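Visitor: Sequence positions in the sequence shown follow the UniProt record's numbering and run 1 to 957. Using N, Cα and C, we set each Cβ at its ideal position, and we do this for glycine too. Since the model is a prediction, treat every value here as computed from it, not as a measurement.
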Amino acid sequence: MTLLHVAIIIPFLFAAASPIFYKLLKRVHTGWLVLPAPMALFIYFCSQIPPVRGGETIEGAVPWIPSLGIDFTVYLDGLGLLFALLISGIGSLVVLYSIFYLSKTKEAVNVFYVYLLLFMGAMLGVVLSDNMIVLYAFWELTSISSFLLIAFWHYRERSRYGAMKSLLITVIGGLSMLAGFILLYLITGTFSLREIIGLDVNLTDESLFLPAMLLILLGAFTKSAQFPFHIWLPDAMEAPTPVSAYLHSATMVKAGIYLVARFSPIFAGDKLWFWLVSAFGITTLIYGSFRAMKQTDLKSLLAFSTISQLGLIMTLLGLGSASAFFSGGADSLFYTKATMAAIFHLINHAVFKGALFMVAGIVDHETGTRDIRKLGGLMAVMPITFSIALIGTFSMAGLPPFNGFLSKEMFFTAVLNITELNLFNMQTVGALFPIVAWVASIFTFVYSMLLLFRTFTGKAQFEKLDKKPHEAPIGMLIPPVVLASLAVVFGLFPNLLSYSLIEPAMAVIHPSLLHEGDTFLVKIELWHGWTPELFMTAGVVLLGTVLYKLRPRIKAATEPLFTFVSLNKTYDAALRVSDIGASRLTSRYMSGSIRHYLIYIFLFLIVTVSATMLFASDIRFDFSGHAPTTVYEIMLMIGLVVSALAIPFTTSRLMAIILTGTTGYMVTMLFVIFRAPDLALTQMIVETVSVALFLLCFYHLPKLKKEKIPLKFKLPNLLIALAVGTVMTIVALSASSGRSFETIADYFVEYSYKLAGGKNIVNVILVDFRGFDTLLEITVLGIASYGIYGLIKLNLKGEEGPDVFGTKHQSNLIYDQPRSNDVILKTISKIAIFIILTFSVYLFLAGHNHPGGGFIGGLMTASAIVLLAMSQGIKAAQTIIPIDYRKLTAIGLTVALLTGIGSFVFGAPFFSHSFGYFQLPLLGETELATAMLFDLGVYLIVVGITMTIILTIGRDK
Numbered sequence: 001m002t003l004l005h006v007a008i009i010i011p012f013l014f015a016a017a018s019p020i021f022y023k024l025l026k027r028v029h030t031g032w033l034v035l036p037a038p039m040a041l042f043i044y045f046c047s048q049i050p051p052v053r054g055g056e057t058i059e060g061a062v063p064w065i066p067s068l069g070i071d072f073t074v075y076l077d078g079l080g081l082l083f084a085l086l087i088s089g090i091g092s093l094v095v096l097y098s099i100f101y102l103s104k105t106k107e108a109v110n111v112f113y114v115y116l117l118l119f120m121g122a123m124l125g126v127v128l129s130d131n132m133i134v135l136y137a138f139w140e141l142t143s144i145s146s147f148l149l150i151a152f153w154h155y156r157e158r159s160r161y162g163a164m165k166s167l168l169i170t171v172i173g174g175l176s177m178l179a180g181f182i183l184l185y186l187i188t189g190t191f192s193l194r195e196i197i198g199l200d201v202n203l204t205d206e207s208l209f210l211p212a213m214l215l216i217l218l219g220a221f222t223k224s225a226q227f228p229f230h231i232w233l234p235d236a237m238e239a240p241t242p243v244s245a246y247l248h249s250a251t252m253v254k255a256g257i258y259l260v261a262r263f264s265p266i267f268a269g270d271k272l273w274f275w276l277v278s279a280f281g282i283t284t285l286i287y288g289s290f291r292a293m294k295q296t297d298l299k300s301l302l303a304f305s306t307i308s309q310l311g312l313i314m315t316l317l318g319l320g321s322a323s324a325f326f327s328g329g330a331d332s333l334f335y336t337k338a339t340m341a342a343i344f345h346l347i348n349h350a351v352f353k354g355a356l357f358m359v360a361g362i363v364d365h366e367t368g369t370r371d372i373r374k375l376g377g378l379m380a381v382m383p384i385t386f387s388i389a390l391i392g393t394f395s396m397a398g399l400p401p402f403n404g405f406l407s408k409e410m411f412f413t414a415v416l417n418i419t420e421l422n423l424f425n426m427q428t429v430g431a432l433f434p435i436v437a438w439v440a441s442i443f444t445f446v447y448s449m450l451l452l453f454r455t456f457t458g459k460a461q462f463e464k465l466d467k468k469p470h471e472a473p474i475g476m477l478i479p480p481v482v483l484a485s486l487a488v489v490f491g492l493f494p495n496l497l498s499y500s501l502i503e504p505a506m507a508v509i510h511p512s513l514l515h516e517g518d519t520f521l522v523k524i525e526l527w528h529g530w531t532p533e534l535f536m537t538a539g540v541v542l543l544g545t546v547l548y549k550l551r552p553r554i555k556a557a558t559e560p561l562f563t564f565v566s567l568n569k570t571y572d573a574a575l576r577v578s579d580i581g582a583s584r585l586t587s588r589y590m591s592g593s594i595r596h597y598l599i600y601i602f603l604f605l606i607v608t609v610s611a612t613m614l615f616a617s618d619i620r621f622d623f624s625g626h627a628p629t630t631v632y633e634i635m636l637m638i639g640l641v642v643s644a645l646a647i648p649f650t651t652s653r654l655m656a657i658i659l660t661g662t663t664g665y666m667v668t669m670l671f672v673i674f675r676a677p678d679l680a681l682t683q684m685i686v687e688t689v690s691v692a693l694f695l696l697c698f699y700h701l702p703k704l705k706k707e708k709i710p711l712k713f714k715l716p717n718l719l720i721a722l723a724v725g726t727v728m729t730i731v732a733l734s735a736s737s738g739r740s741f742e743t744i745a746d747y748f749v750e751y752s753y754k755l756a757g758g759k760n761i762v763n764v765i766l767v768d769f770r771g772f773d774t775l776l777e778i779t780v781l782g783i784a785s786y787g788i789y790g791l792i793k794l795n796l797k798g799e800e801g802p803d804v805f806g807t808k809h810q811s812n813l814i815y816d817q818p819r820s821n822d823v824i825l826k827t828i829s830k831i832a833i834f835i836i837l838t839f840s841v842y843l844f845l846a847g848h849n850h851p852g853g854g855f856i857g858g859l860m861t862a863s864a865i866v867l868l869a870m871s872q873g874i875k876a877a878q879t880i881i882p883i884d885y886r887k888l889t890a891i892g893l894t895v896a897l898l899t900g901i902g903s904f905v906f907g908a909p910f911f912s913h914s915f916g917y918f919q920l921p922l923l924g925e926t927e928l929a930t931a932m933l934f935d936l937g938v939y940l941i942v943v944g945i946t947m948t949i950i951l952t953i954g955r956d957k
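1) Alpha carbon to alpha carbon, how far is Leu-722 from Leu-603?
2) Which residues does DSSP pair with Asn-131 in a beta bridge?
3) Quick one: give me the first and last residue of the beta strand (DSSP E) that Phe-918 is part of.
4) Between Ile-313 and the rest of its own chain, which residues show a CB-CB distance below 6 Å, the 5 nearest in sequence each way excluded?
5) Taking 8 Å as the cut-off, decide whether the C-beta atoms of Ile-436 and Ile-286 are in contact.
6) Just the C-alpha distance for Ser-407 and Ser-914, rounded to the nearest angstrom, thanks.
7) Any idea what DSSP makes of Ile-554, helix, strand or coil?
8) Should Glu-533 be labelled buried (16 or more other beta-carbon atoms within 10 Å of its own) or exposed?
9) Quick one: what does DSSP say Tyr-548 is sitting in, helix, strand or coil?
10) Got a sec? Which residues, its chain only, sit under 6 Å from Lys-165 by beta carbon, not counting five neighbours each side?
11) Which residues mark the beginning and the end of the beta strand (DSSP E) in which Val-62 is found?
12) Which same chain residues end up closer than 8 Å to Ile-673 when comparing Cβ atoms and leaving out the 5 residues on each side of it in sequence?
13) Counting along the chain, where does the alpha helix (DSSP H) carrying Tyr-499 start and finish?
14) Tell me whether Phe-834 sits in a helix, a strand or coil according to DSSP, three-state version.
15) What would DSSP say about Thr-926, mapped onto helix, strand or coil?
16) Please state whether DSSP places Ile-524 in a helix, a strand or coil.
17) Touching or not, the stretch 441-453 and the stretch 535-550, by the rule of three or more beta carbon pairs under 8 Å?
18) What residue from Ser-321, Val-942 and Gly-892 has the CA that sits closest to Val-686's CA?
19) Which first and last residues belong to the beta strand (DSSP E) in which Phe-621 is found?
20) So, for Phe-855: in the same chain, excluding its five sequence neighbours on each side, which residues have a beta-carbon less than 6 Å away from its beta-carbon?
21) Let's test the definition: count the other Cβ atoms within 10 Å of the Cβ of Lys-106 and tell me whether it reaches 16, buried, or not, exposed.
22) Cα separation between Ala-40 and Ala-877?
23) On the premise that Arg-194 lies in contact with Tyr-75, defined as a C-beta separation below 8 Å, what is that separation, rounded to the nearest angstrom?
24) Quick check on Val-74: does DSSP put it in helix, strand or coil?
25) Tell me where the alpha helix (DSSP H) around Asp-518 begins and ends.
26) With DSSP collapsed to three states, give me the class of Asp-270.
27) From residue 981 to His-349, what does the alpha carbon distance come to, in whole angstroms?
28) According to DSSP, simplified to helix, strand and coil, what is Asp-884?
29) Are the beta-carbon atoms belonging to Ile-9 and Leu-128 less than 8 Å from one another?
30) Short check: CB of Leu-117 to CB of Val-34, under 8 Å?
31) Please report the straight-line C-alpha distance between Ile-49 and Phe-911, rounded to a whole angstrom.
32) Please state if the CB of Thr-222 and the CB of Ile-266 are separated by a distance shorter than 8 Å.
33) Per DSSP, what kind of secondary structure is Asp-297 in: helix, strand or coil?
34) So the alpha helix (DSSP H) Lys-223 belongs to, where does it begin and stop?
35) Relative to the alpha-carbon of Val-522, which residue among Met-932, Thr-838, Lys-337 and Gly-162 has its alpha-carbon at the smallest distance?
36) Near Glu-206, which residues of its chain fall below 8 Å by C-beta distance, leaving aside the five closest residues on each side in sequence?
Here you go:
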């Protein structure tokens, strides 16, 4: 594991530690304790600028699922470094800003920093991953964590709405992107981005190339809020301002930009890529800037401004891809200037927009409103905030001497250059690019001036404000001051970034245009002469000023063009139709009858299995190799069939429970005869615990009443039961009659001890060979136990259930239970419980080489606690063994997961295990295996989930 892996993991570690910080250090704002994480990451990435500038690529790989070509491979090149610096640098300032923005006493700051750090780690994973599947995993994690951040104030309906909209749109785009990745894999045979880029073949001739490109672009457009997928971004402004400053100006929305830049070497050779990226970008640019002029809320204005600026960067990346149409030379380098402008504006936008979002937060925090119709005259009482806003808005408007002016001039250069390209009659169609860019820049100037002057100048309206306005505290001012200072520095000294960040990123986007050792010429100047671009800027200022003055009189500049239809209304309508359709469809089969649900399940099973067997060509029946049936097997089968058949005819629930247990114990005896001790032990304990669970449920059920059931109910039940029995019998006989392939059992017999150090093949399979499956299974069991607990607790009318954080559960779980009056049971149980617990520990420790294991040991321990609860009462059992079994489940799952992750530390694939022999005191030479740690997690989870279910169902008022 390399430092790059550690850099990605650090935010996740601090996210896990954030609640601990909050609990242990209550007097200290949690933000101060998590601030070192992004700062350390920023310092580390700054230290990597010299080697990356020199053309070095820092990389590392940890095997994950090598058999599927999926490894946790990371690498740091010019493009990844640029985004990593934005993520960690802006992240540090946002954390500092949030310390003063969010009150520790009024807000759940521990939860906030968990979400924020999860997002930070996920974004670093996106920009540093080489494997496309790993990139996708981090990509979706950014969607989930941003959903949680947007819905941080979940008690607000608009926050929940905005969070759900962003999740739906970005996740749908992410799934399409995953499909595109899979198509690329089918074309190239690898998930590695660097390997795909390095292939010396023409991928454009492949039939799957175009679908892959379209699907990946859909993922990029939804994430970066390109028209018409932009509608989630304005509603995401319901998030706290630190979230908006981080996610929606500098990081998350830039993920789509990163994706387009990263995949440009693969797709830019296709002219459709040029048209799609450029067209969507320029449309988003003009639409976003036009809508921004109409806004009266500061954050809404900045949201549409962000949409517009993202369109600008996307347009530049599209125009820069035109360089791929040339084999090299001056023509190709001519069009790379658009890419240079895209990278430069990417940095500039993060700087000035982050500062402006923080300004909006300060205004809201200190005045109680973001409505510019109520604001004005704040310059006198908030001079520092005004100065920051002045620099930010002038930079966004593209005015000298700030950084936005330089990248905007470079944007004008790019749209003018592209008209000279003979591509699909570019001389006529391409003329639209400079026109649209110029008009959008006028709108940008207008909304920038609107933000600045309507908020800070003019007549003061302090009587309309909820608070008396005053300057923000110094801690809240430092982050935007830093960003505003950078806007000035990058404007006056732009070449500070030329060869440290811009050129290395360009080399990644256009690797085919450089020979080994060459670099792009990157020279940015504040004054570049009397050029057409400068005259375009002068026109923007002139017409923008006129439009700003006339704006209140122009209806189209202040009110929606169409009131009866919009993209948001279309989204809401589609959501309503989907909900109504899903409800109607679900109501057709979700009748509330368990009988109906079982009929659906069994009919589906009958039809699919029967059809599969009917059309399979290798189904045969051969009983020649079967062992002879013994008299013991016949007797057990008779007992099993008789007990099973008697259950439907019993008139007592208690007798039905006893007969059900009898059936299970008969199966246990069959396992004993077949010499399967692990299965026999598991089945025996499961049956014991199940009978106890049935008895607890029995305690709450009304008295059984035999009702006359009509034949129309009995006959379908009988037919379905016979059909299921027949089909499964045929399947079993066919499966045991002959094999069309070699059995895998021989592999496990040969390698269980050689590879895993265990002689108990069943346990080795569970905790080693298929440990990942076991992890998922115990996770599902844990979720099921929490679900049962939640359903029962929520169903207790008139009782106080657990709060959001589960802090009030203990008092509601334990009640004064009637204890057993059986003196013999109470006396014997004290001895039996000790014996059972001792035996359960033995089963756990011996399970790797002898019958037993974590699952069996956990069930045995749970049975001992059940016996204690039955004999002494639940309250006494909780007093004797004061364990919160839900927390025990979580601890067990954590132990199991960390065991799998721990293999990464040693450079092994996920869930790799090791074993060895060690000299231990008293025990001598003893085998120790890492699989035992995983088995310990299984043991704890089994005890936790079993007791959670038993005690939850067994409570009684």
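Guide: The structure says:
1) 12 Å
2) Ser-192
3) 915-920
4) Closer than 6 Å at the Cβ level, and outside the excluded window around Ile-313, lie Ile-257, Ala-342, His-345 and Leu-346.
5) According to the sequence displayed, residue 436 carries Val and not Ile. Taking 8 Å as the Cβ cut-off, Val-436 and Ile-286 qualify as a contacting pair.
6) 55 Å
7) coil
8) buried
9) helix
10) Trp-232 and Asp-235
11) 58-65
12) Thr-630, Tyr-632, Glu-633 and Leu-636
13) Note, Tyr-499: premise wrong, no alpha helix (DSSP H); not H, not E.
14) helix
15) strand
16) coil
17) yes
18) Val-942
19) Careful: Phe-621 lies outside any beta strand (DSSP E) and carries neither H nor E.
20) Val-938 and Val-942
21) exposed
22) 49 Å
23) 7 Å
24) strand
25) No alpha helix (DSSP H) contains Asp-518, which DSSP labels as neither H nor E.
26) coil
27) Here the chain has residues from 1 to 957 only, and residue 981 is not among them.
28) coil
29) no
30) yes
31) 35 Å
32) no
33) strand
34) Per DSSP, the unbroken alpha helix (DSSP H) holding Lys-223 starts and ends at 209-223.
35) Ranking Met-932, Thr-838, Lys-337 and Gly-162 by Cα distance to Val-522 puts Lys-337 first.
36) Ile-187
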